[in-house]
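Peer 1: Pasting in a structure now, in structure tokens, and then I'll have a few things to ask.
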Amino acid sequence: MYDVKGHLKQVLGQLPEGVRLVAISKYHPNEYIESAYDEGQRIFGESHEQELRGKHETLPKDICWHFIGHLQTNKVKYIAPYVAMIEAVDSLKLLREIDKQASRFERVIDVLLELHIAEEETKYGLTPDALRSLLAGGEWRTLNHVRICGLMMMASNVDDEDQIRQEFRQARQLFDEVKDLYFADADYFCERSWGMSHDYQIAIEEGSTMVRIGTSIFGPRVY
Ligand SMILES: *Cc1c(COP(=O)(O)O)cnc(C)c1O
């Protein structure tokens with residue numbers, strides 16, 4: 362079996378204090394997750410509702426599952442009872458649905474707003490202006506069953522380190538902007554989820570608090 366424990370230790374050894382690891386386990390089998398769990402890892406990220414459902418049912422209940430993929434509103438009800446954080450909220454419609462389902466289960470669900478900065482057209486997320494207008498709209502304040510804990514973003518999938526760094530910086534500036542405007546008194550608004558296997562060192566230098574790493578821990582995914 363792939364040396365998950367060795368790779369996990371290597372990654373953890375590179376994370377400074379204050380940066381948490383979300384181990385991205387999508388497409389990897391339960392045994393891989395159990396290896397990481399044995400080493401003390403508790404936060405795992407998945408991007409498909411059905412796959413997550415199967416894993417949640419069979420793996421230890423103290424795992425904190427982060428949903429990191431694009432979430433369709435009709436799938437929210439399935440993960441609402443147990444998900445620890447929904448990282449990629451990119452519309453008010455989705456935020457409303459999470460609030461509605463969380464309230465059915467008498468929960469408050471932590472979420473991040475997904476920012477779209479990368480140049481790729483295909484990526485999801487709110488543009489800087491869409492993020493500003495969602496927050497300026499104010500309806501989110503009435504949604505008492507969601508707690509907006511910060512921002513999430515994916516940098517462009519390119520080799521150009523300067524470009525990646527610039528995108529992380531832009532995300533950091535937006536974080537500071539909305540923190541000042543809307544969340545200055547909210548200690549829980551503190552998460553900057555950026556950095557994946559190929560760019561997490563840069564992300565950490567640019568102020569990430571949460572890295573989402575799959576390949577560097579579990580090896581290549583087999584789709
Ligand atoms: C798959 C995925 C990751 C992890 O990517 P790796 O390159 O395997 O580290 C991180 N974030 C999101 C949103 C993903 O979908």
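Residue numbers 362 to 584, in my numbering, belong to the letters of the sequence shown in order.
Every residue, glycine too, gets a C-beta built ideally from N, C-alpha and C.
None of these values were measured; they are calculated from a predicted model.
1. Hey, out of Arg493, Val372, His506, Pro489, whose CA is closest to Val469's CA?
2. With respect to 7 Å, is the separation between the Cβ of Ile563 and the closest non-hydrogen atom of ligand 1 below this value?
3. To test your reading of the DSSP string, which unbroken beta strand (DSSP E) runs of 3 or more residues are found completely within the stretch 389-441?
4. Any idea if Leu542 is buried or exposed, counting beta-carbon neighbours within 10 angstroms, 16 or more meaning buried?
5. Less than 7 Å between C-beta atoms, sequence neighbours within five positions excluded: which residues of the same chain meet that for His417?
6. So for Ser464, helix, strand or coil by DSSP?
7. Establish whether the CB of Arg468 and some CB of chain D are separated by less than 8 Å.
8. Hey, is Ser408 close to ligand 1, as in C-beta under 7 Å from one of its heavy atoms?
9. Could you check the C-alpha separation between Gly498 and Leu453 for me, to the nearest Å?
Peer 2: The answer reads as follows:
1. His506
2. no
3. The stretch 389-441 contains these whole beta strand (DSSP E) runs: 404-407, 425-428.
4. exposed
5. A distance below 7 Å between beta-carbons, with the five flanking residues on each side excluded, links His417 to the following residues of its chain, in chain order: Trp426, Tyr443.
6. Per DSSP, reduced to three states, the secondary structure at Ser464 is helical.
7. Looking at the structure shown, chain D is missing, and only one protein chain is on hand.
8. Judged by the Cβ position, Ser408 qualifies as a neighbour of ligand 1 at the 7 Å threshold, a heavy atom of the ligand being closer than this.
9. 10 Å
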